[in-house]
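Participant: Going by this note's numbering, the letters in the sequence shown line up with residues 53 to 148, in that order. To start, I am sharing the structure in question, which I have written as structure tokens.
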Amino acid sequence: MFELLEKAFLSGLGAIAMTQKMGEELVKDLKDKYKMSEEEGKAFLDKMQTMAKESRQKVSDLADQEVKKTIERIGLVSKDDYDRLLKRIEELENRQ
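Set out below in structure tokens:
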């Protein structure tokens, strides 16, 4: 499972790097092909980057939800549950 998460994380980083390069190329293309000013191209790119960021956040939120569902489904103990149990064990040991 860790390998899957690691691959997803690295893929995301690669996509971000690629997106930045593609954005720079897009501004240049808009400027050259469509006679758009550099400022207009950058404004357009900023808008697209904002939309992409929002989309990435939605995907991240969905991934978090799916990971939580998977953890529950396979019965892994959450950190909160573990801490609660550890505290309870310590309380019981201190009674003796």
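Glycine included, C-beta positions come from ideal geometry on N, C-alpha and C. Computed from a predicted structure; not experimentally measured.
Please state whether the Cβ-Cβ distance between GLY93 and LYS83 is less than 8 angstroms.
Facilitator: Sequence index remark: in the sequence shown, residue 93 carries index 41 (1-based). Sequence index remark: in the sequence shown, residue 83 carries index 31 (1-based). Cβ atoms of GLY93 and LYS83: closer than 8 angstroms.
Participant: If you run the structure through DSSP and keep just helix, strand and coil, what is MET88?
Facilitator: Taking the first residue of the sequence shown as position 1, residue 88 is located at position 36. Coil at MET88, not helix or strand.
Participant: Return the chain-ordered list of same chain residues with a C-beta closer than 8 angstroms to the C-beta of GLU90, the five sequence neighbours on each side being excluded.
Facilitator: Along the sequence shown, read from residue 1 onward, the residue named residue 90 stands at position 38. The answer, listed in chain order, is VAL79 and LYS83.
Participant: Please give me, in chain order, every unbroken run of the alpha helix (DSSP H) with length at least 4 that falls completely inside the stretch 89-136.
Facilitator: Listed in chain order, they are 90-126.
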